[in-house]
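K.L.:
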Ligand code: UDP
Ligand code: MG
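In the numbering used here, the protein residues as written are 5 to 326.
#1: With burial defined as no fewer than 16 other Cβ atoms inside 10 Å of the residue's Cβ, what is the status of residue 246: buried or exposed?
#2: With DSSP as the reference, identify every bridge partner of residue 98, one or two as the case may be.
#3: Hey, quick one: how far does the alpha helix (DSSP H) through residue 73 stretch, first residue to last?
#4: On the DSSP bridge assignment, give the partners of residue 128 in chain order.
#5: Would you mind sorting residue 4 into buried or exposed? The rule is 16 or more other CB atoms within 10 Å of its CB.
#6: Could you give the distance in angstroms between the alpha-carbon of residue 202 and the alpha-carbon of residue 228?
#7: Quick check: the Cα distance between residue 250 and residue 291, rounded to an integer number of angstroms?
#8: Would residue 90 and residue 314 qualify as a contact pair, given that the criterion is a beta-carbon distance under 8 Å?
#9: What residue does the beta strand (DSSP E) around residue 312 start on, and which one ends it?
#10: Beta-carbon within less than 8 Å of residue 32's beta-carbon, same chain only, minus the 5 sequence neighbours each way: which residues are those?
#11: So, with DSSP's three-state summary, where would you put residue 58?
#12: Just to confirm the assignment: which complete alpha helix (DSSP H) runs, minimum length 4, are found wholly within the stretch 241-271?
#13: Excluding the 5 residues flanking residue 159 on each side, which residues of the same chain have their C-beta closer than 7 Å to its C-beta?
#14: Would you kindly work out how many angstroms separate the C-alpha atoms of residue 294 and residue 212, rounded to a whole number?
#15: Whose C-alpha, out of 39, 178, 204 and 255, is nearest the C-alpha of residue 193?
#16: What is the DSSP secondary structure of residue 185, reduced to helix, strand or coil?
#17: On the three-state DSSP scale, how would you describe residue 150?
#18: Nearer than 7 Å: is that true of the beta carbon of residue 102 relative to any heavy atom of ligand 1?
#19: Our contact map puts residue 164 next to residue 122 with C-beta atoms below 8 Å; I'd like the distance itself, whole angstroms only.
#20: Which two residues bound the contiguous alpha helix (DSSP H) that contains residue 230?
#21: DSSP state of residue 197, grouped into three classes?
#22: Can you tell me where the beta strand (DSSP E) holding residue 179 begins and where it ends?
#23: At a cut-off of 7 Å, would you count residue 144 as near ligand 1, judging by its Cβ distance to the nearest heavy atom?
#24: Which residue or residues does DSSP assign as beta-bridge partners of residue 40?
#25: I want to check one thing, is the minimum distance from the CB of residue 207 to the heavy atoms of ligand 2 below 7 Å?
Structure below.
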C-alpha cells in the first residue's frame, strides 16, 4: 500500500473554547477513509478562556491533535506563521476555529492540489450576511485601497482559508518580515493558484476577536507592508504644491510693485495653515515607514511559543514541552 500523504490543518484560536471540539470532529470526519493522514494543529493565540484545555482534552482523545501555546496574543497572522512553521504536512490547510469556513471544502481543495495546484485559496462568494454593516463597508474599502496602492491584486473577500503545498510553505517559512499579512504574501509568492468561492457560515460559538480599531490598524499596517506608494504620493503632493507656490510668486511681486500688498493677513494665515497641515501629514506617512524600519531592524521573532505537544520540536531546549 502506498504511504498516505500527510496534510496539516492549522487553526489559529483566540478565545474559542466552544468551537474546538466541534471543529476537531468535523475535520476528522472529513479525513476518515481518505488517502491522507491529518495532523490537526491548534495555535492558542493567548486565549483568556478555556481554549487551551479544550485542545488538550481533544488531544487526549485524538492522537492527531496538537497544540502550540503562544506566550501571549500575537494576532492571527502570527499564530498562522507559528503553525505553518511547525507543520510537517505535504500540504498545509489553514482554517478559522469558529466554523465560519465550511470544512467540507477541504475535499475540493485536496482535489485541486492533486490536480497540480500549489495554492488553493477561498473568497467569500456573497456579501457576508452575518457581518455588521460597517464591517462590510470597511472590508470593501480595504480591498479597493490595497489593490490601488500595491502591486498585488486581492479578490474581494479573500479569506485565510486555504491549502498550501509544502514547497510554498518552505518559502513562507523563510520570510523574515516583522509584519506579516498572509493574504497578501500568499498572492505575492505566485506559484499555481486557484480560488474557490465559499459562503461564510455563522460563527459557531463565542464572539469575533476583531474590533473596529484593531481592523483599522490591521488595514493600514497591511497596506503599508505591501507598498511604498504612499511615500511617492506624499512626495508628489509636496512637489506639485511647491510648483503652485512658485507660480504664485509673480503675483506677489507685482502686488508689491503696484503698492497694494498690505491687506494680506487672511491669505497668509490660510497658506500657513494649509502647508503646515500638509507637511505634518506627509511627514507622518514617512514617520510610519521609518517606524517600521525600526521595528524590522530589531529582528524580534514573530511569535514566542510557551508550550507545545508537537514531538519534533521537543529537542528544542528553550521551549517548555509537556
Ligand atoms: N484569532 C487569533 N488571534 C487573534 C484574533 C483572532 O488567532 O488575535 C483567530 C480566531 O480565533 C479565529 C480566526 O482568527 O479562529 C478569525 O477570527 P474572528 O472570527 O474573530 O474574525 P473574523 O471572522 O471576523 O475574521
Ligand atoms: Mg470568524
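Think of the CB as a built atom: it goes at the ideal place given N, C-alpha and C, for glycine as much as any other residue.
P.N.:
Reading it off the structure:
#1: By the 10 Å Cβ count, residue 246 comes out exposed.
#2: Partner(s): 14 and 166.
#3: Annotation for residue 73: no alpha helix (DSSP H) segment contains it, though the beta strand (DSSP E) segment containing it runs 69-74.
#4: For residue 128, which the question treats as bridged, DSSP gives the partners 202.
#5: The requested residue 4 does not occur in the structure, where the chain is confined to residues 5 to 326.
#6: Spanning the alpha carbons of residue 202 and residue 228 requires a straight line of approximately 28 Å.
#7: Those two C-alpha atoms are separated by around 27 Å.
#8: Result yes, Cβ atoms of residue 90 and residue 314 sit closer than 8 Å.
#9: Residue range 309-312 is occupied by the beta strand (DSSP E) that includes residue 312.
#10: Correct list, in chain order: 42, 44, 66 and 68.
#11: In the structure shown, residue 58 adopts helical secondary structure according to DSSP, grouped into three states.
#12: You should have found no qualifying run.
#13: Residues of the same chain with a CB within less than 7 Å of the CB of residue 159, apart from the 5 flanking positions on each side, are 127 and 199 in chain order.
#14: Between residue 294 and residue 212, the C-alpha separation is close to 32 Å.
#15: For the residues 39, 178, 204 and 255, the minimum Cα distance to residue 193 belongs to 178.
#16: Coil.
#17: Reduced to three states, the DSSP call for residue 150 is helix.
#18: Using a cutoff of 7 Å, the CB of residue 102 counts as near ligand 1, since one of the ligand's heavy atoms is closer than that.
#19: Not confirmed; about 17 Å, so no contact.
#20: Bounds of the alpha helix (DSSP H) holding residue 230 are 216-230.
#21: Correct three-state label for residue 197: strand.
#22: No beta strand (DSSP E) holds residue 179; DSSP gives it neither H nor E.
#23: Outside the cutoff, so no.
#24: Bridge partners of residue 40: 9.
#25: Yes, Cβ of residue 207 sits closer than 7 Å to a heavy atom of ligand 2.
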